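The structure appears below as structure tokens.
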Amino acid sequence: MPAAHGIAEAAEVLRAGGLVAFPTETVYGLGANALDARAAARIFEAKARPSFDPLITHLADATDLPALVGALPPTVAALAERFWPGPLTLIVDRPAVIPPIVTSGLDTMAVRVPDEASARALIRAAGVPVAAPSANRFGQLSPTRAEHVVRGLGAAVDVVLDGGPTRCGIESTIVDARGPHPVVLRLGALAIEELVAAVGPVTVRQGSSGQPVAPGTLAAHYAPRTPLRVVAGAVPAPADGVRRGFLAFREGPAAGYAAVEVLSPAGDVTEAAARLFDALHRLDAAGVTEILAEPAPDEGVGRAINDRLGRAAATWSPPAP
Ligand code: TXA
Ligand code: MG
């Protein structure tokens, strides 16, 4: 956890319109004062993020939400009560104090309370809601360590708070629960099974291209620089001299790979999610020509892992015949 004086200084930077990268339980966020349009504009600039991709506003406490937006629809209130602080982002009406740049002009706002003491201390000390997307350049691998942020964004960030590796390792689940029937806009660290247990059946409606429902769900996203392919399982690499990396779920391949990462020897999807982006960052730095990735079991957070792998693979195009 970052030192208390570091948090106080970072809060001051936020209040002055600067950018602070901070750990959450999911991934590192790139924060700015959500009430300050110029500060929010700096986020888009630093990330080279298209202006149509709205930001998530972060609050220190669940009780800060009704204070910001007024009375909540019943299912929104129930989900906030049940899962905050935690890896769940909820859609609410945008209050007038939040400038439209934060929501990319939408009349709705994405909001969450992170389950990370230093993040909440930072937001509380800043005394303002904090707009924060993941602290990476647009479309690239999400940062789960402070060094990923420094490597990816460098001097574009005023302060990076180092809280060590993030616990969940994968972004929050985004749910629009304003109506009677909750709709999942992005699979994430809160498992669908947990949502369903709390509020009954939900619909998963993720966008894939063009103007998506949640633009983090663009078909090609979360991508390493190295081409990535999703494969059925750990197979020996062909002896063709090509340096390949392998991202295994539970067990490494027999032979033939220049770099191998195993996400969870115990076969646990939660552990695998926590290690996913870190493993991809390492494979991306291993000097391989392509990365083969084995999917996780399609259950719990495994679904979100497979979602991210599919999007990372979407930038890959087959070699010309
Ligand atoms: O775990 C997380 O959610 C992390 C940490 C830092 O909190 N943040 C994160 O932010 O993943 P970002 O910007 O990488 O993804 C935010 C997603 C985007 O896909 C965006 O389109 C969606 O939230 N979003 C934001 N506002 C929205 C809205 N009003 N309606 C639908 N989707 C929205
Ligand atoms: Mg992101």
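Under UniProt numbering, the first residue of the sequence shown carries the number 1, and numbering increases by one thereafter.
Glycine included, each C-beta is placed from N, C-alpha and C at the ideal position.
Note that this is a predicted model, so its numbers are computed, not measured.
- With a cutoff of 9 Å on beta-carbon distance, residue 204 and residue 184 are scored as near each other.
- For residue 11, no beta strand (DSSP E) encloses it; the enclosing alpha helix (DSSP H) starts and ends at 4-15.
- It is roughly 15 Å from the alpha-carbon of residue 201 to the alpha-carbon of residue 187.
- In this structure, the ligand TXA has a non-hydrogen atom nearer than 8 Å to the beta-carbon of residue 58.
- The secondary-structure analysis by DSSP pairs residue 229 across a beta bridge with 292.
- For residue 33, the uninterrupted beta strand (DSSP E) segment begins and ends at 29-33.
- Setting aside the 5 residues that flank it on each side, residue 167 is surrounded in the same chain by 25, each with a C-beta closer than 6 Å to its C-beta; the list follows chain order.
- Between the alpha carbons of residue 133 and residue 260 lies a gap of roughly 30 Å.
- If you draw a 10 Å sphere on the C-beta of residue 221, you find 16 or more other C-beta atoms in it, and that means buried.
- Relative to the ligand MG, the beta carbon of residue 50 is positioned no closer than 8 Å to any heavy atom.
- Counting only unbroken stretches of 3 or more residues, the beta strand (DSSP E) elements lying wholly within the stretch 87-159 are 88-93 and 108-112, in sequence order.
- If you look at residue 245, you'll find it in the beta strand (DSSP E) that goes 244-248.
- Contact between residue 256 and residue 237 is confirmed by a C-beta separation of about 3 Å, below the 8 Å threshold.
- Straight through space, the alpha carbons of residue 243 and residue 314 are spaced by roughly 21 Å.
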